[in-house]
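Undergrad: Residue numbers (this note's numbering): 4 to 541.
All C-beta atoms, glycine included, are put in the ideal place defined by N, C-alpha and C.
What follows is a structure written as structure tokens; I'll ask about it next.
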């Protein structure tokens, strides 16, 4: 019976994960095909982008499964289910999740340091018409070697970094050397992988601060403000065209008698002709948008978009408040920088953590909410990247636009999302620390009744699992253990949370000050070619 119950529970948890996997693969295919340039698309870059995006989303979906499995080991009254009563059985389930994390994280390392760089450089070498396939592969491998070296260095550092506190200052030199060898011998490769992933998570933290924080502010406000009227934009564009044509005629009239234009007038004429070309292309796009049925449907759904925008604003503010309280809790009640600001449980009331705990009695609302939170971070990150484009400091590398995104930009997009997903788990832990540690687990406490009683009578009461619970009564999620393997990374993540809050508030102010977007936002740019314009319109 216990074995059948174990099988049923495991099948339920992994069935949910399989369903989510199928949904993720379908979403990735549609998303990449929507933004992919039809003119420059190539099979290898398309497959790489779809697979990398799917891996990012699958990794983010593993956290809810982790929480689900540890929670389903116990009944609501705090006792273990029959199939989970054995410590060995629980250990096997926990190891399965842990191996799932290590497998996906190993694939992410492979993607970030080998697969995506190779495909990127292979496509870059394709621009040279005089180069054959063998030379393309050779040059792509040559550039990819640099990424592989960085990966090897991170793995070696992770293998040598000690996880336990070093010996005291009064220890002998031999004890210190012996300590180093013991640490090195106990690594077994897993800390090396953890260190490499944590290093990538730092880059993911920067991407979260840049793109996710902005996406959380711009996505809901764009839904609330909506877009400008197509008819008004066409009228305004027509007036701009007439104005520019009039300026061009005035400049050309200066040379009717045969006199050449001055260098300043020639430059002005060239700029005006380029501007006129962009305005005419913009007019063609506005004409198509006015006839497009999607524009009309979007106008009809305007009230729903406003409600969704208001909901997303409230969710974003809830996240920021929860993150602020969590960081404040760590600042007040942790041991400080030397401990990585790690606390066990919560000392201040965290609204999101309390909401998840309150939803526990109504299965499966708490799991649905934690899944929605995870996907919300990913979707807002996508919105932030799409609105901002891909930047390297102050240099804009690529733009993300429907049907005209270059393969290199899609590869960058997927790599950034891979890094963001790595940091998402820590962000969700910061939002709801107690729930991410223990899920909906409860444990039984034996208490003596108040007042005079006969004998040694006791009664049991259930409590929600926290740091004060006995170690054998509550199972900690594998995600929590993985996040806090290196204290110094936890310290950096802590300060990154403060930077995230600041970036969100700045993005919120900027988004509020901006006007409505154009209905063809991002479709027409001055550096677009006529070929790409025709490709989009057909």
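Using only alpha-carbon positions, find the residue among 405, 209, 276, 355 that is nearest to residue 394.
TA: The residue given as residue 394 occupies position 391 in the chain shown. For the residues 405, 209, 276, 355, the minimum Cα distance to residue 394 belongs to 209.
Undergrad: Could you tell me the distance, in whole angstroms, from the CA atom of residue 407 to the CA atom of residue 306?
TA: Walking along the chain shown from the start, residue 407 turns up at place 404. Walking along the chain shown from the start, residue 306 turns up at place 303. Computed Cα separation, rounded: 30 Å.
Undergrad: What are the uninterrupted segments assigned as beta strand (DSSP E) that are 3 or more residues long and contained completely in the segment 242-283, given in chain order?
TA: As far as the segment 242-283 is concerned, it has no whole beta strand (DSSP E) run of at least 3 residues.
Undergrad: Tell me which residue opens and which closes the beta strand (DSSP E) that residue 93 is part of.
TA: Working through the chain shown from its first residue, we reach residue 93 at position 90. From DSSP, residue 93 is part of no beta strand (DSSP E) but of the alpha helix (DSSP H) over 90-113.
Undergrad: What residue range is occupied by the uninterrupted beta strand (DSSP E) comprising residue 399?
TA: Translated into the one-based positions of the chain shown, residue 399 becomes position 396. Where residue 399 is concerned, the enclosing beta strand (DSSP E) stretches over 398-401.
Undergrad: Using only alpha-carbon positions, find the residue among 275, 263, 241, 476 that is nearest to residue 252.
TA: What you label residue 252 is simply residue 249 of the chain shown in a count that begins at 1. Residue 252 has its Cα closest to that of 275, out of 275, 263, 241, 476.
Undergrad: Using 10 angstroms around the beta-carbon of residue 289, count the other beta-carbons present and answer buried if the total reaches 16, otherwise exposed.
TA: Against the chain shown, residue 289 aligns to sequence position 286. Buried, by the Cβ-count rule.
Undergrad: Pick out whichever of 352, 246, 50 has its Cα sitting closest to the Cα of residue 331.
TA: Working through the chain shown from its first residue, we reach residue 331 at position 328. The residue with the shortest Cα to Cα distance from residue 331 is 352.
Undergrad: Between residue 198 and residue 150, is the Cβ-Cβ spacing less than 7 Å?
TA: Here the question's residue 198 lines up with position 195 in the chain shown. Here the question's residue 150 lines up with position 147 in the chain shown. Taking 7 Å as the Cβ cut-off, residue 198 and residue 150 do not qualify as a contacting pair.
Undergrad: Bridge partners of residue 466, per DSSP?
TA: Walking along the chain shown from the start, residue 466 turns up at place 463. DSSP lists 446 as partners of residue 466.
Undergrad: Could you tell me the alpha carbon to alpha carbon distance between residue 184 and residue 69, rounded to whole angstroms?
TA: What you label residue 184 is simply residue 181 of the chain shown in a count that begins at 1. What you label residue 69 is simply residue 66 of the chain shown in a count that begins at 1. Model confidence at residue 184 stands at a pLDDT of 40, short of 50, so the residue's coordinates are unreliable; what they give is reported in the following sentence. Spanning the two alpha carbons is a distance of roughly 34 Å.
Undergrad: Using a threshold of 7 Å, state whether the C-beta atoms of residue 19 and residue 61 are closer than that.
TA: Taking the first residue of the chain shown as position 1, residue 19 is located at position 16. Taking the first residue of the chain shown as position 1, residue 61 is located at position 58. Not in contact: residue 19 and residue 61 (Cβ atoms no closer than 7 Å).
Undergrad: What is the C-beta distance between residue 321 and residue 355, in whole angstroms, given that I count them as a contact (C-beta under 8 Å)?
TA: For this step, residue 321 is matched to residue 318 along the chain shown. For this step, residue 355 is matched to residue 352 along the chain shown. Indeed they touch by this definition, with Cβ atoms about 6 Å apart.
Undergrad: In or out: residue 369 buried (at least 16 other Cβ within 10 Å) or exposed?
TA: Within the chain shown, numbered from 1, the residue matching residue 369 stands at position 366. Buried is the call here.
Undergrad: From which residue to which residue does the alpha helix (DSSP H) around residue 423 run?
TA: The residue labelled residue 423 in the question sits at position 420 within the chain shown. Note, residue 423: alpha helix (DSSP H), 410-434.
Undergrad: Please report the distance separating the alpha-carbon of residue 2 from that of residue 478.
TA: Outside the modelled stretch of the chain, which goes from 4 to 541, sits residue 2, for which no answer is possible.
Undergrad: Please state whether the Cβ-Cβ distance between residue 108 and residue 200 is less than 7 Å.
TA: Counting from one through the chain shown, the residue named residue 108 turns up at place 105. Counting from one through the chain shown, the residue named residue 200 turns up at place 197. It is a contact, given that the beta carbons lie within the stated cut-off.
Undergrad: With a CB to CB cut of under 6 Å and the five nearest residues on each side skipped, what residues in its chain are close to residue 378?
TA: On the chain shown, residue 378 is found 375 positions in, with the first residue counted as 1. Taken in chain order, the list of residues that qualify is empty.
Undergrad: Say whether the segment 478-498 touches the segment 308-316, bearing in mind that this needs 3 or more beta-carbon pairs closer than 8 Å, one atom from each stretch.
TA: Counting Cβ pairs under 8 Å, fewer than three are found: no touch.
Undergrad: Quick one: any contact between the segment 509-524 and the segment 434-450, if contact means 3 or more CB pairs under 8 Å?
TA: No: fewer than three Cβ pairs fall under 8 Å.
Undergrad: Determine, using beta carbons only, whether residue 520 and residue 92 come nearer to each other than 7 Å.
TA: Locating residue 520 in the chain shown gives position 517, counting from the first residue. Locating residue 92 in the chain shown gives position 89, counting from the first residue. Taking 7 Å as the Cβ cut-off, residue 520 and residue 92 do not qualify as a contacting pair.
Undergrad: Determine the burial state of residue 468: buried for a count of at least 16 other Cβ atoms within 10 Å of its Cβ, exposed for fewer.
TA: Reading the chain shown from its first residue, position 465 is the one you call residue 468. Flag for residue 468 reads buried.
Undergrad: Is the beta carbon of residue 433 sitting closer than 7 Å to the one on residue 214?
TA: Taking the first residue of the chain shown as 1, we reach residue 433 at position 430. Taking the first residue of the chain shown as 1, we reach residue 214 at position 211. In this structure, residue 214 does not lie closer than 7 Å to residue 433 by Cβ.
Undergrad: Report all residues from its chain with a CB closer than 6 Å to the CB of residue 31; omit the five preceding and five following residues, and keep chain order.
TA: To locate residue 31, count along the chain shown from 1; it is residue 28. Contacts found: 53, 56, 57.
Undergrad: DSSP puts residue 83 in a beta bridge; with which residues?
TA: Stepping through the chain shown from its first residue, residue 83 is reached at position 80. Answer is 77.
Undergrad: Assuming residue 309 is part of the beta strand (DSSP E), what are its boundary residues?
TA: Start at 1 with the first residue of the chain shown, and residue 309 comes out as number 306. It is not in any beta strand (DSSP E) - residue 309 instead sits in the alpha helix (DSSP H) that spans 305-336.
Undergrad: For residue 121 and residue 143, which I take to be in contact (beta-carbon distance under 8 Å), what is that distance rounded to the nearest angstrom?
TA: By 1-based counting over the chain shown, the position of residue 121 is 118. By 1-based counting over the chain shown, the position of residue 143 is 140. With a Cβ gap of about 5 Å, residue 121 and residue 143 count as contacting.
Undergrad: Is it true that the CB of residue 523 sits closer than 7 Å to the CB of residue 292?
TA: Looking up residue 292 in the chain shown gives position 289. Looking up residue 523 in the chain shown gives position 520. Cβ atoms of residue 292 and residue 523: closer than 7 Å.
Undergrad: Could you tell me the alpha carbon to alpha carbon distance between residue 50 and residue 488, rounded to whole angstroms?
TA: The sequence position of residue 50 within the chain shown is 47, counting from 1. The sequence position of residue 488 within the chain shown is 485, counting from 1. Approximately 34 Å, taken between the alpha carbons.
Undergrad: For residue 221 versus residue 390, is the C-beta distance shorter than 7 Å?
TA: Here residue 221 is taken as the residue at index 218 of the chain shown, counted from 1. Here residue 390 is taken as the residue at index 387 of the chain shown, counted from 1. Their beta carbons are under 7 Å apart, which means residue 221 touches residue 390 by this criterion.
Undergrad: Would you tell me roughly how many angstroms separate the C-alpha atoms of residue 66 and residue 482, rounded to the nearest one?
TA: Within the chain shown, residue 66 is the residue found at index 63, counting from 1. Within the chain shown, residue 482 is the residue found at index 479, counting from 1. In a straight line, the C-alpha of residue 66 is about 7 Å away from that of residue 482.
Undergrad: Tell me the start and end of each unbroken alpha helix (DSSP H) in the segment 470-516 that is at least 4 residues and wholly inside, in chain order.
TA: DSSP runs (the alpha helix (DSSP H)) wholly in the segment 470-516: 481-486, 490-516.
Undergrad: Of the residues 387, 396, 145, 46, which one's Cα is nearest the Cα of residue 217?
TA: Against the chain shown, residue 217 aligns to sequence position 214. Selected option, being the one with the closest Cα: 387.
Undergrad: Could you give the residue range of the alpha helix (DSSP H) that holds residue 395?
TA: Working through the chain shown from its first residue, we reach residue 395 at position 392. It is not in any alpha helix (DSSP H) - residue 395 instead sits in the beta strand (DSSP E) that spans 393-395.
Undergrad: Please report the straight-line C-alpha distance between residue 297 and residue 269, rounded to a whole angstrom.
TA: In the chain shown, residue 297 corresponds to position 294, counting from 1. In the chain shown, residue 269 corresponds to position 266, counting from 1. Going from the Cα of residue 297 to the Cα of residue 269 covers about 42 Å.
Undergrad: Expressed to the nearest angstrom, what Euclidean distance is found between the alpha-carbon atoms of residue 257 and residue 266?
TA: In the chain shown, residue 257 corresponds to position 254, counting from 1. In the chain shown, residue 266 corresponds to position 263, counting from 1. Using only the alpha carbons, I get a separation of about 13 Å.
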